[in-house]
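Visitor:
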Amino acid sequence: MLKNKIKQIATANFDKNVTRLIQRIAGSEHVSLLDVGAANGVYDRWTAFQKYIDYFAVEPDLRSSDNLLYSESKSPYNSQTLIKRALWHSSGEVTLNLCRKPMASSIYTPNRKFNDLFQDPDRHDIVDKIKIECMTLDEVSNQIGKSFDVIKLDVQGAELDVLKGATKSLSSVIAIDIEVEFCELYLGQPLFDQIFNFLRQAGLEFIDFTYIYRWSPDQFNGLGQSTFADALFMLSPEKIAASNTEHAISKFAVIAAIYERGDLLLRLATALDNSTKISHEKITAVKSLGEIISARNNRTQRQLNRATKIIRLFHPRVRAHILH
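So this is what it looks like as structure tokens:
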């Protein structure tokens, strides 16, 4: 509670300016977010923008899905929908391995030979196996009559399988926030390079790792091994600008702000400089939003660099990314 209060005070002016510009840019537009593997709830970065979000949560594990949504009277989202089906590359039936830790459950089998090298391996114990109905992401889109602007995927090794059932949906998506593995945490699962190539062929650019997870035999044993990460892929700002459509530009700007990508907003504003179909007011607001976010990111990076210089007095080879 105290931590959140301090954060609110520290960021109040920044948040106020961002909110004002988002309101000018978004207008009545809403961003549709499909959260595939929603057991942990929506990521914190989305909470400040919930009124602009149509939220679709996909979670087949009943241990996690029953408490995912707000009551209708208390929901901060523009709308919210829960889908209690597994998503896969085809429709039918699959076996879900229920692990001791619900968030570790997967259609793939945990790779215990690897996982047992690190802390808390018992969370991957398979406590039950259940047959569940599955469908494709494209089928979900058709059933609810909605395309998705952002797809978040965290399905414990099955991310590429879900994407293979989303070929039509990928033609309209703006961003994909996806968990990717560098090591085989589940037997036979696709790794980052396969997902990278698949999404590049779909026309999306790799933007960044928003978080990198490192595993170590114990918490005091070095930096740990990079085992998996959250990766952000997006359409390029230039593609969005070339569409010359207000709704695509508004949605891209909101999504870029949520991920604090001032650089992408500035690229979008530059690409729109000669547009005759987009209002000067909107282009100016996009540029201002990009400048505000970039300025804060620059300040943060300078602070990290200063901290790194101090740490290097004791550890000469440390790098700033370790502090992120």
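Quick note: to get my numbering, add 22 to the position in the sequence shown (first position is 1). All C-beta atoms in this analysis are idealised placements derived from N, C-alpha and C, irrespective of residue type, glycine included. Because the structure is a prediction, the values reported are computed rather than measured.
Taking the straight line between their C-alpha atoms, what separation do you get for HIS52 and ARG134?
Guide: Whole-angstrom Cα-Cα distance: 42 Å.
Visitor: Let me know if GLY210 comes out buried or exposed under the rule of 16 or more other beta-carbons within 10 Å of its beta-carbon.
Guide: Result: exposed.
Visitor: How many whole angstroms separate the CB atoms of GLU201 and PHE250, which I take to be in contact at a CB cut-off of 8 Å?
Guide: The pair is a contact, with the Cβ atoms about 6 Å apart (cut-off 8 Å).
Visitor: How do the stretch 174-188 and the stretch 101-118 stand: do at least 3 beta-carbon pairs fall below 8 Å, yes or no?
Guide: The stretch 174-188 is in contact with the stretch 101-118.
Visitor: Report buried or exposed for LYS174, applying the criterion of at least 16 other Cβ atoms within 10 angstroms of its Cβ.
Guide: Buried, by the Cβ-count rule.
Visitor: I need the straight-line Cα distance from ILE148 to PRO124, nearest angstrom please.
Guide: So the alpha carbons of these two residues sit roughly 10 Å apart.
Visitor: How is the beta strand (DSSP E) around THR249 delimited, first residue to last?
Guide: First-last of the beta strand (DSSP E) with THR249: 247-256.
Visitor: Evaluate GLN323 with the Cβ neighbour count: other Cβ atoms within 10 Å of its Cβ, from every protein chain shown; 16 or more gives buried, anything less gives exposed.
Guide: Burial call: exposed.
Visitor: Determine the extent of the alpha helix (DSSP H) in which LEU335 is found, giving its start and end residues.
Guide: Here LEU335 belongs to no alpha helix (DSSP H), and DSSP marks it neither H nor E.
Visitor: Specify whether the stretch 253-273 and the stretch 44-60 touch according to this definition: at least 3 beta carbon pairs, one from each stretch, less than 8 Å apart.
Guide: Counting Cβ pairs under 8 Å, three or more are found: they touch.
Visitor: Just to confirm before moving on: does the CB-CB distance between VAL40 and LEU335 stay below 8 Å?
Guide: No, the pair does not count as a contact, with Cβ atoms beyond the cut-off.
Visitor: Thinking C-alpha only, which one of LYS304, GLY179, CYS121 and ILE315 is nearest VAL58?
Guide: Cα-wise, what sits closest to VAL58 is GLY179.
Visitor: Please classify PRO239: does DSSP put it in a helix, a strand, or coil?
Guide: Residue state, collapsed to three classes: coil.
Visitor: Within the continuous beta strand (DSSP E) that includes ASP215, where are the two ends?
Guide: Careful: ASP215 lies outside any beta strand (DSSP E), inside the alpha helix (DSSP H) at 214-223.
Visitor: So that I know if they touch, is there some Cβ in chain D lying closer than 8 Å to that of ALA307?
Guide: Here chain D cannot be found, since the structure has a single protein chain.
Visitor: Quick check: MET256 and ILE196, are their CB atoms within less than 8 Å of each other?
Guide: For MET256 and ILE196, yes; Cβs fall inside 8 Å.
Visitor: On the CB-based measure, 16 or more other CB atoms within 10 Å of its CB, does ALA264 come out buried or exposed?
Guide: Answer is exposed; the Cβ neighbour count stays below 16.
Visitor: Any idea what DSSP makes of SER97, helix, strand or coil?
Guide: SER97: coil per DSSP, three-state reduction.
Visitor: Judging by CA-CA distance, which residue of ILE262, PRO239 and LEU226 is the nearest neighbour of ALA22?
Guide: No answer is possible for residue 22: the residues shown for the chain start at 23 and end at 346.
Visitor: Counting only the same chain and skipping the five closest in sequence on each side, list residues whose C-beta sits under 7 Å from that of PHE136.
Guide: Here the set comprises CYS205, GLU206 and LEU207.
Visitor: Who are the near neighbours of PHE220 in its chain, counting only those whose CB is closer than 7 Å to its CB and skipping five residues on each side?
Guide: So the qualifying residues of the chain are LEU182 and LEU185.
Visitor: Pull up the DSSP beta-bridge partners for ILE234, would you.
Guide: In DSSP, ILE234 forms a bridge with ALA251.
Visitor: Hey, could you find the ends of the alpha helix (DSSP H) GLY284 is sitting in?
Guide: Looking at the DSSP string, the run of the alpha helix (DSSP H) that includes GLY284 is 284-293.
Visitor: Leaving out five residues on either side along the sequence, give the residues of the same chain with a beta carbon under 8 Å from the beta carbon of GLY246.
Guide: If we look at GLY246 and ignore the five residues flanking it on each side, its Cβ neighbours are ARG236, TRP237 and SER238.
Visitor: Grab me the residues of ILE277's own chain with a C-beta within less than 8 Å of its C-beta, minus the 5 sequence neighbours each way, in chain order.
Guide: For ILE277, where only same-chain residues beyond five positions count, the Cβ hits under 8 Å are VAL53, ASP171, VAL172, ILE196, ALA197 and MET256.
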